[in-house]
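Student: Residue numbering for the sequence shown follows my numbering, beginning at 99 and increasing consecutively. Glycine included, each C-beta is placed from N, C-alpha and C at the ideal position.
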Amino acid sequence: MDCIFCKIINGEIPSTKVYEDKKMIIINDIAPQAAKHYLAIPKVHLANIVEMEKKQAKIVGKMLKTIGELADSLGLQDGFRIVSNKGENGCQSVGHLHIHILGGEKLSEKMG
Ligand code: AMP
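(1) Is I123 buried or exposed, if buried means 16 or more other CB atoms sit within 10 Å of its CB?
(2) Helix, strand or coil for M209? Go by DSSP, reduced to three states.
(3) Counting pairs of Cβ atoms below 8 Å between the segment 191-202 and the segment 137-147, do you hit three or more?
(4) On the premise that A133 lies in contact with K202, defined as a C-beta separation below 8 Å, what is that separation, rounded to the nearest angstrom?
(5) Assuming A138 and I111 make a contact with CB atoms under 8 Å, what is their CB distance in whole Å?
(6) Could you please give the first and the last residue of the uninterrupted beta strand (DSSP E) stretch that includes K134?
(7) When you compare only the Cα positions, how much space is there between E151 and K208?
(8) Within a Cβ cutoff of 6 Å, which residues of the same chain sit near H135, ignoring the five residues on either side of it in sequence?
(9) Should V219 go down as buried or exposed, given a rule of 16 or more other Cβ atoms within 10 Å for buried?
(10) Is N183 helix, strand or coil when you go by DSSP?
(11) So what does DSSP say about K163, is it helix, strand or coil?
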């Protein structure tokens with residue numbers, strides 16, 4: 099499958115990994131949109147949040163919990179924003195579910 103995030107997970111494409119466990123990685127976004135911009139990516143390939151099955155929802159729930167636990171060590175102690183884009187209107191550009199984690203500075207109040 100020609101998926102850039104699967105290739106990052108398999109080590110075929112380099113990335114700046116800041117965290118890894120059995121089910122997910124967290125990397126620095128290559129084109130940061132905030133002082134800190136990470137991507138949390140499940141190792142299992144699923145296209146987006148709509149295609150998630152029950153078992154995968156459990157993985158994503160655990161990912162959110164882990165993000166919360168890592169926040170301080172990622173420099174997000176003053177707060178952060180998480181976003182998961184879906185489809186054309188959501189401006190999703192990579193078809194492998196991922197959660198943006200933005201922070202390290204005061205973010206815009208506008209989200210759209
Ligand atoms: P989205 O537009 O929500 O699908 O987000 C995809 C994100 O992946 C964008 O913020 C890109 O900057 C980021 N991205 C694309 N390729 C890479 C890469 N090789 N390493 C790290 N981040 C990437």
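Tutor: In short:
(1) Numbered from its first residue, the sequence shown carries residue 123 at position 25. Buried, since its Cβ has 16 or more Cβ neighbours within 10 Å.
(2) Within the sequence shown, residue 209 is the residue found at index 111, counting from 1. Looking at M209 - three-state DSSP - the assignment turns out to be coil, as it is neither helix nor strand.
(3) yes
(4) Mapped onto the sequence shown, residue 202 falls at position 104. Mapped onto the sequence shown, residue 133 falls at position 35. Note that residue 202 is Gly in the sequence shown, not Lys. Confirmed, about 3 Å.
(5) Working through the sequence shown from its first residue, we reach residue 138 at position 40. Working through the sequence shown from its first residue, we reach residue 111 at position 13. The Cβ separation is near 17 Å, so there is no contact.
(6) For the purposes of this step, residue 134 is taken as the residue at position 36 of the sequence shown. Looking at the DSSP string, the run of the beta strand (DSSP E) that includes K134 is K134 to P140.
(7) Numbered from its first residue, the sequence shown carries residue 151 at position 53. Numbered from its first residue, the sequence shown carries residue 208 at position 110. So the alpha carbons of these two residues sit roughly 31 Å apart.
(8) For the purposes of this step, residue 135 is taken as residue 37 along the sequence shown, with counting starting at 1. Taken in chain order, the residues that qualify are D127 and L200.
(9) In the structure as shown, the chain starts at 99 and stops at 210, and residue 219 therefore has no counterpart that could be examined.
(10) As a position in the sequence shown, residue 183 is number 85, starting the count at 1. Coil.
(11) What you label residue 163 is simply residue 65 of the sequence shown in a count that begins at 1. K163: helix per DSSP, three-state reduction.
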